[in-house]
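**Student:**
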Amino acid sequence: MLTAQASPPHSTEDPPHTPLRPRRRSWAQALRRDWQLYSLAVLPLLFFVVFRYLPMLGNVIAFRRYEPGGDLFGEYWVGLRYFRMFLADPTFWQVFTNTAVIGALTLLFCFPLPIVLALLLNEVRTRWLKGFVQTISYLPHFLSIVVVAGLILQTVSIDGVINQGLRAIGQDPVAFIQEPGWFRTIYVSSEVWQTVGWGTILYLAALTTIDNDLYDQAKVDGANRWRQTWHVTLPGIRPTMITLLILNIGTFLAVGFEKILLLYNPLTYATADVVSTYLYRVGIVSGSFSYAGAIGLFESLIGLALVLGANSLSRRVAGTSLW
Amino acid sequence: MVGETRGYRVFQVVNGVVLTVVVLVTLFPFVNIVARSFSGEQEIRSGQVSIWPKGFNLTTYDKVMSDAMFWTNYRNTVVYTVVATVIALVLTTCYAYVLSKRNLKGRGLLVGIAVFTMFFNGGLIPNYVLVSSLGLRNTLWAIVLPNAISVFNLLVMKAFFESLPTELEEAAAVDGTGTYGTLLRIVLPLSKAVLATMLLFYAVSFWNSWFAGFLYMDRQELFPVTVYLRNLIAGATSGTDNTATSEAALQIAASIQAVTIVLIMTPIMLVYPFIQRYFVSGVMLGAVKG
Chain X
1 MLTAQASPPH STEDPPHTPL RPRRRSWAQA LRRDWQLYSL AVLPLLFFVV
51 FRYLPMLGNV IAFRRYEPGG DLFGEYWVGL RYFRMFLADP TFWQVFTNTA
101 VIGALTLLFC FPLPIVLALL LNEVRTRWLK GFVQTISYLP HFLSIVVVAG
151 LILQTVSIDG VINQGLRAIG QDPVAFIQEP GWFRTIYVSS EVWQTVGWGT
201 ILYLAALTTI DNDLYDQAKV DGANRWRQTW HVTLPGIRPT MITLLILNIG
251 TFLAVGFEKI LLLYNPLTYA TADVVSTYLY RVGIVSGSFS YAGAIGLFES
301 LIGLALVLGA NSLSRRVAGT SLW
Chain U
324 MVGETRGYRV FQVVNGVVLT VVVLVTLFPF VNIVARSFSG EQEIRSGQVS
374 IWPKGFNLTT YDKVMSDAMF WTNYRNTVVY TVVATVIALV LTTCYAYVLS
424 KRNLKGRGLL VGIAVFTMFF NGGLIPNYVL VSSLGLRNTL WAIVLPNAIS
474 VFNLLVMKAF FESLPTELEE AAAVDGTGTY GTLLRIVLPL SKAVLATMLL
524 FYAVSFWNSW FAGFLYMDRQ ELFPVTVYLR NLIAGATSGT DNTATSEAAL
574 QIAASIQAVT IVLIMTPIML VYPFIQRYFV SGVMLGAVKG
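Listed in order, the protein sequences are those of chains X and U. Just so we're aligned, residue 1 is where the first sequence starts under our numbering, counting upward by one. Just so we're aligned, residue 324 is where the second sequence starts under our numbering, counting upward by one.
1. Mapping DSSP to helix, strand and coil, what is X/Trp-198?
2. Using Cβ-Cβ distances below 9 Å, what residues of the segment 442–472 of chain U are close to chain X?
3. What first and last residue would you give for the alpha helix (DSSP H) that runs through U/Tyr-451?
4. Counting contacts by CB-CB distance shorter than 8 Å, is X/Trp-193 in contact with chain U?
5. According to DSSP, is X/Trp-193 helix, strand or coil?
6. Using only CA atoms, which one of X/Lys-130, X/Leu-72, X/Phe-111 and X/Asp-89 lies nearest to X/Val-192?
7. Would you say X/Leu-297 and U/Gly-378 are within 8 Å of each other, going by their C-beta atoms?
8. Give the DSSP bridge partners of X/Trp-77, in chain order.
9. Looking at the structure shown, is U/Trp-533 part of a helix, part of a strand, or coil, going by DSSP?
10. Report yes if the CB atom of X/Val-275 is closer than 8 Å to the CB atom of X/Ile-295, and no otherwise.
11. I need the straight-line Cα distance from X/Ser-26 to U/Asn-426, nearest angstrom please.
12. Assuming X/Pro-90 and X/Phe-289 make a contact with CB atoms under 8 Å, what is their CB distance in whole Å?
13. Note down the Cα distance separating X/Leu-87 from X/Ile-158, rounded to an integer number of angstroms.
14. For U/Tyr-420, tell me which candidate among U/Asn-338, U/Met-540, U/Lys-386 and U/Gly-504 has the shortest Cα-Cα distance.
15. Could you check whether X/Ile-246 and X/Ser-314 sit closer than 8 Å to each other, using their CB atoms as the reference points?
16. Can you look up U/Ile-466 in the DSSP assignment and give me helix, strand or coil?
17. From the beta carbon of X/Tyr-278, is the nearest beta carbon of chain U less than 8 Å away?
18. Just reading off the alpha helix (DSSP H) that X/Arg-316 is part of, what are its end residues?
19. Can you give me the C-alpha to C-alpha distance between X/Ala-218 and U/Val-479, rounded to a whole angstrom?
20. Tell me the residue span of the alpha helix (DSSP H) that contains U/Gly-435.
21. Just the C-alpha distance for X/Leu-151 and U/Thr-583, rounded to the nearest angstrom, thanks.
22. What is the rounded straight-line gap between the Cα of U/Phe-443 and the Cα of U/Gly-330?
23. At 8 Å on the CB atoms, spell out the chain U contacts of X/Tyr-329, in chain order.
24. Assign U/Lys-515 to buried or exposed, taking buried as 16 or more other Cβ atoms, counted over all protein chains shown, within 10 Å of its Cβ.
25. Under 8 Å, Cβ to Cβ, is there at least one residue of chain X near U/Ile-367?
26. Please go through the same chain and pick out, in chain order, the residues whose beta-carbon is closer than 6 Å to the beta-carbon of X/Leu-262, but skip the five residues on each side of it.
27. Determine, using beta carbons only, whether U/Leu-433 comes closer than 8 Å to chain X.
28. Between U/Trp-533 and chain X, is the shortest Cβ-Cβ distance under 8 Å, so that the two count as touching?
29. For the alpha helix (DSSP H) containing X/Ile-249, name the first residue and the last one.
30. Please decide whether X/Ala-310 counts as near chain U, where near means a Cβ-Cβ distance under 8 Å.
31. Helix, strand or coil for X/Gly-70 per DSSP?
32. Identify each residue in the segment 352–364 of chain U for which the Cβ-Cβ distance to at least one residue of chain B is less than 7 Å, and report them in chain order.
33. Given a cut-off of 8 Å, decide if U/Val-527 and U/Ile-587 are closer than it, judged by their beta-carbon atoms.
34. If the criterion is Cβ atoms closer than 8 Å, does the pair X/Val-232 and X/Ile-260 meet it?
35. On the three-state DSSP scale, how would you describe U/Gln-371?
36. Which residues of chain X have a Cβ atom closer than 7 Å to the Cβ of U/Gly-501, listed in chain order?
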């Protein structure tokens, strides 16, 4: 795809008004000079084209009738039929609401808690103690999501420790994993368990870059530890907070598909079923590829819009953005 | 420290208590699963096992470790992880090196091609259709190829290559060493730390992955061990059948699940103390340019 663009008119059109700077090379010259470098990019580009951009084009099956085993891009055009279908599907709106609720709860807890933990760690004077707490809190990040699901299931099972506690205070045991009313609590608290420690890394890095003079000046001005935290520490990690907030908002609807797939069951669909698990069942389990493809395209476009929206909002409001 | 107020000393105590709770809550599920794995089924079933094994025995370990399918799947995980990591490492290194060349024509386009995929992707269904129609189902390539480059890792590596001094490479170019020679003999030997980090990033993610294996493998003998575990816990999540016999089967699955989880976690736990700092530095390197 590089050779296809190999004859831009730059070299002839550009007037030589900056004779000291090397002139922009044409593609032919660049290829002759750097062909070894370009050759290193061939296989990676092939990967991106086949496994990233081809599936993007493959989304046309949302507008076409797709037969399993048939053409990759479907058989014939059907226009917006599948979009009209899912927009009129009450189950879709149910799972869309579930996704928004789970996403919002996750954002509400998993965004601020790492900041709190990082600030607490920052106040620890004993180095080895700080290192020890960090090491332990990063641990869940390294586990397979299947192992995490296994740990969650044993904890909330009828014979698990939570029900042991309930029995100890004279309550009846609860089959948490089969109760729609408990799913969000289980999901969000396990998400906190998995991510809060690892989430502190960037904040702790940002905290070390804050100039100590600022604290000294604050002390001269009579600020106590709390005021120092409020007026020096928090502004110091503000850019990191905004960046991570943008990323979190952008991925707000991309709730943990794999984890939900492992934890939910037909009894908890009412609260646990989200857009991605629904389209997995409709598409891959039941074989309605085009219908599920339409839902998936809708979801991807909302995700893209959220990232772009959060980014431009933060550029305007906070003056910080990802790009 | 001089001049600490009474309030701050109280805070230090509270902080110590809070962090202790964080550590205990984080560790608890691990301790609990190990205790369960050594406990008797009867004791687990009656809800007696928390941090210490009750009815200590090794029969469940015996049972799981004598299951030939468990070892077949475990070996699959090792093979998939090794092949996928090698391919991912080679492709990521090549592309990151190209992207780190600031004067390369078309560099912006090459960066954009990669970065755009962080924000927009084809989605599950088109990917599934693609992998299936390429005939990759039931082959290791269905796990390896669709995840061959992680853009996050790519950007970490690119940032590292950009931080290397250019003088050595320029000297090599003057000596007539080509791009390949420079990369292999000058750049890579200077990049051992970042290569180790990338190796660990990829190896841990492939070791832990299950969904590709679950989606694209139809035969049990091709599953990675994570799918073996998934099928065990899937039996425990379906609350549809409540007869006495399936109840008993579920409870047997509870101790078997515990042992399987422990056996899958062990390799990661053993290397974790040594690899943790590489991960942390990798994340920070990525954050600079991410």
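Note that the Cβ used here is the ideal one computed from N, Cα and C, for glycine as well. Computed from a predicted model, the values in this text were never measured in an experiment.
**Tutor:** Reading from the atomic positions:
1. Looking at X/Trp-198 - three-state DSSP - the assignment turns out to be coil, as it is neither helix nor strand.
2. Phe-442, Phe-443, Asn-444, Gly-445, Gly-446, Leu-447, Ile-448, Pro-449, Asn-450, Tyr-451, Val-452, Leu-453, Val-454, Ser-455, Ser-456, Leu-457, Leu-468, Pro-469, Asn-470, Ala-471 and Ile-472
3. Segment 447–456, the alpha helix (DSSP H) holding U/Tyr-451.
4. With 8 Å as the cut-off, X/Trp-193 counts as an interface residue toward chain U.
5. helix
6. X/Phe-111
7. no
8. X/Arg-64
9. If DSSP states are grouped into helix, strand and coil, U/Trp-533 belongs with coil.
10. A Cβ-Cβ contact shorter than 8 Å links X/Val-275 with X/Ile-295.
11. 13 Å
12. In fact, because the Cβ distance is near 21 Å, the residues do not count as touching under 8 Å.
13. 39 Å
14. U/Gly-504
15. yes
16. helix
17. no
18. 289–318
19. 36 Å
20. 430–442
21. 11 Å
22. 50 Å
23. This structure cannot speak to residue 329 of chain X, because chain X is shown only from 1 to 323.
24. exposed
25. Yes, contact with chain X.
26. Ala-149
27. yes
28. Closer than 8 Å: yes.
29. 238–250
30. Not one chain U Cβ lies under 8 Å of X/Ala-310.
31. coil
32. Among the protein chains of the structure shown, namely X and U, there is no chain B.
33. no
34. no
35. coil
36. Close partners of U/Gly-501 in chain X (Cβ separation under 7 Å): Gln-36.
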